[in-house]
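All remarks here apply to the structure that follows.
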Amino acid sequence: ARLDETGRLAIATAILEGRVTNERLQELTDKHPRDITFLLKRLVEERFLVGNDKRRWSSYTLAPITPGPSSQHNEPSSQHKDVSSQHNESSSQHKGLSSQHKDADSRQPEEDTDNLSAEYLPALIQEIRTRKRSAPAKVEAAILALCRDRFTTVQDLAEMLERETDTLKNHYLSKMIRDGRLELRFPERPTHPLQAYKSKIAQIGVKNDDTDSGTGP
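In my numbering, the protein residues as written are 1 to 217.
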């Protein structure tokens with residue numbers, strides 16, 4: 001079934017903040033807690049999210065998309081298709097999510113940008129989405145954050161950042177693979193149709209001297 005606005009918001013929150021809870025969605029929407037509970041359960045049943053099963057204090061994270069050993073080099077897994085579709089659904093909600101954090105950018109001190117926080121990430125992504133050109137360091141930081149702990153396709157990155165896939169490949173991904181910041185899901189087949197990228201470094205930040213130079217795509 002097609003996700004409604006709150007469903008997309010829940011998934012976008014899980015992507016951008018690392019997790020989503022009933023309490024967090026109450027802050028972002030006017031939905032009743034009981035309705036949110038039913039929604040989160042449905043997203044788990046449909047394999048968009050996984051929960052930690054702590055009842056009232058449950059938190060939910062994005063369902064993993066790494067294919068099993070038997071399918072990793074063969075046919076596309078149905079799970080990957082589901083999550084890829086979910087990413088496309090959730091990307092249109094990023095603007096709504098980041099508007100809830102509209103003051104996060106102003107609160108983020110310039111000297112703290114070497115440690116990109118979950119709170120600052122939605123504002124950064126919104127900034128990239130709404131500008132034709134952004135500082136390369138900011139785009140790279142967003143890519144690393146969106147690829148943290150999971151393989152993410154260039155199509156999903158393009159959807160979330162509102163950039164062309166060729167722009168991301170030519171200006172960012174190839175360079176970030178060469179310098180060791182990203183790893184490939186299929187390193188032996190760079191042009192694999194299900195190729196995806198995952199961050200290899202723990203610290204994800206934005207260099208202070210690259211603040212909005214407007215020189216990057």
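Just so it is clear, CB atoms sit at the ideal spot from N, CA and C, and this is done for glycine as well.
Beta-bridge partners assigned by DSSP to Thr130: none are found.
A residue is called buried once 16 or more other Cβ atoms fall within 10 Å of its Cβ, and Gly7 is buried on that count.
Fewer than three beta-carbon pairs drawn from the stretch 36–44 and the stretch 165–184 are found closer than 8 Å, and the two stretches are therefore not classed as touching.
Ranked by how close their Cα comes to the Cα of Ala145, the residues Ala12, Ile11 and Leu16 have Leu16 in first place.
Just measuring C-alpha positions, the residue of Leu62, Thr29, Glu140 and Ile177 sitting nearest Leu43 is Leu62. Within a 10 Å sphere around the beta-carbon of Glu164 sit fewer than 16 other beta-carbons, which makes this residue exposed. Excluding sequence positions up to five before and after Asp30, its CB lies less than 8 Å from no other CB in the same chain.
Taking the C-beta atoms as reference points, Leu173 is found nearer than 8 Å to Leu182.
The beta carbon of His192 sits closer than 6 Å to the beta carbons of Phe186 from its chain, once the five residues preceding and following it are set aside; these are given in chain order. Per DSSP, the unbroken beta strand (DSSP E) holding Ala196 starts and ends at Ala196 to Ser199. Here Ser134 is not near Ile143, since their CB atoms are 8 Å or more apart.
A straight-line Cα-Cα distance of about 32 Å links Thr130 and Gly51.
Counting only the Cα atoms, Glu188 lies some 34 Å from Gln126. A direct Cα-Cα distance of roughly 18 Å separates Pro33 from Glu45. In the DSSP assignment, Gly7 falls within the unbroken alpha helix (DSSP H) covering Glu5 to Glu17.
Apart from sequence neighbours up to five positions away, the residues of its chain that approach Cys147 with a beta-carbon distance below 6 Å are Tyr197, Lys198 and Ser199, ordered along the chain. Apart from sequence neighbours up to five positions away, the residues of its chain that approach Ile201 with a beta-carbon distance below 6 Å are Arg181, ordered along the chain. In the DSSP annotation of this structure, the continuous segment of the alpha helix (DSSP H) that includes Leu144 starts and ends at Pro136 to Leu146. Each residue's CA atom was taken as its position, placing Ala12 and Lys175 some 27 Å apart. Here Lys132 is exposed, its C-beta having fewer than 16 other C-beta atoms within 10 Å.
Apart from sequence neighbours up to five positions away, the residues of its chain that approach Leu157 with a beta-carbon distance below 7 Å are Ile143, Leu146 and Leu168, ordered along the chain.
Residue pairing of Gly180 in beta bridges, as defined by DSSP: absent, with no partner found.
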